[in-house]
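Here the numbering used here is used: the first residue of the sequence shown is 4, the next is one more, and so on. Every residue gets a Cβ at the ideal spot worked out from N, C-alpha and C, and that includes glycine.
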Amino acid sequence: MKRSSTFWVLGAIFLTALVLRPPVAQIGPILEVIQKALGLDSSQAAILAAIPVLCFGFGAFASPALVRRFGVNRTMVYLLAVLVLTIAIRPYAGFLGLVIGTTLAGLAMAVANVLLPSVVRARFPKHVVVLTSAYTTLLAVSASFAAAFSYPSALWLGWQLSLAIWALPTLLALLLSFSLLSGDQSVSESENEDPRGDTKLILRSPMAWAIMALFGIQSLGFYALLAWLPSLAIDSGMNPSDAGALLSLMTVVGVPLGLILSSNFGRFKSLSLVGTLISLVTLTGMCLLLLQLWVPAAIVIGIGQASSFPLSLSLISTRAANQRLTTMLSSVSQGIGYLIAAAGTFLFGWVATVTGNWEVSVLGLIGLTMVQAGAAWFAGKPKLIK
């Protein structure tokens, strides 16, 4: 690949990663503002809040079919075009338009999430771990930035423009993505193999199931606390503004250390010990949560989660024998993982409602994080799915 084309492809990868979380992350902080502006009841607001994670799950399963039809590169271009339109239009189309736009945006982001590891692996096979850690850091940073500035920007610009403004960087990502259509065509041309055979191979692989468990449980822990951590803290007596700051602390604090750790994953032949230790860090944070040591819990959980997410994506990128299997592994792992996260987030709140306290829900997260540690040990072994 020529140096100039390498620059544009890297720009496309990084800017795409930068815009794959804000359209989702910025909804929660201004949900009450949207609810009042559109006259929504609580059930309509809940639907709007639940759409993204469900789309991340169901959309991921569509990825292999789209890749077979259009190829990886062309699919990425189409997805970004859909994102530009939906982000720009959805705030101005009423509640139904907001739901449809958020659904389409969520599905597009889901497929793009799946395809990014394949693009990185095909274009930069010698730098998979470093580039994966870099773009996963951008995912985390952009989500934190969007969540932190969503409410202030809604006050300054109005909630509609604060949502629509993210169409501008997405448009730039779309323009850069055209660089994927030239040069190395191995990325855009799907391999002529039976997809059912790939699916069976993935579903019969213990390694694949370990990666699915790792991705699913770490996603469940993140999204459950993203939705409910402020409520836990408020119910214990913390004021709402401090509870919001606690959530921001959890999402931001681990990013620098996560980047340092994940950029060094390639130094290890086996990631079993590293993955298990990362899971045990998260487990320690969950135990601190049970003790209502809020700030230490947020810091420790944030460090663990900021490291486990790039770990799971690095394993998806490096544990399949070829690009085709990488796409299928990414699709199945992220599809099942995000559905686990959606169901777990709902159950976390439902169990607390039924029992009248949060302890049982937190104990459930502790138990699942123990399973995550075992899955990380197995998934980290230097074996290929082939």
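| Check | Outcome |
| --- | --- |
| Closest Cα partner of VAL70 within the set ILE103, ALA52 and VAL122 | VAL122 |
| Under the three-state DSSP convention, the category PHE152 falls into | helix |
| Residue of VAL36, LEU101, ILE92 and VAL133 minimising C-alpha distance to LEU262 | VAL133 |
| For LEU18 and PRO172, the rounded distance between their alpha carbons | 8 Å |
| At least 3 beta-carbon pairs within less than 8 Å: the region 142–155 vs the region 24–32 | yes |
| Alpha carbon of ALA323 to alpha carbon of ASN360, nearest angstrom | 43 Å |
| Any alpha helix (DSSP H) of 4 or more consecutive residues that is wholly inside the region 17–93 | 25–28, 34–41, 45–63, 66–73 and 75–92 |
| Residue from ALA125, ALA115, ILE205 and GLY97 whose Cα sits closest to the Cα of TRP162 | GLY97 |
| The region 271–287 in contact with the region 325–341 per 3-pair CB rule at 8 Å | no |
| Buried or exposed by the 16-neighbour rule on C-beta atoms within 10 Å, applied to GLY219 | buried |
| 8 Å contact criterion, which LEU23 and ALA115 should meet: CB distance rounded | 6 Å |
| Simplified DSSP assignment, three categories, for ILE388 | strand |
| Distance, ASP238 Cα to GLN308 Cα | 24 Å |
| Test item: CB-CB of LEU366 and LEU274 under 9 Å | no |
| LEU368 versus SER182: straight-line alpha-carbon distance, rounded | 43 Å |
| Separation of LEU34 from LYS389, as counted between CA atoms | 45 Å |
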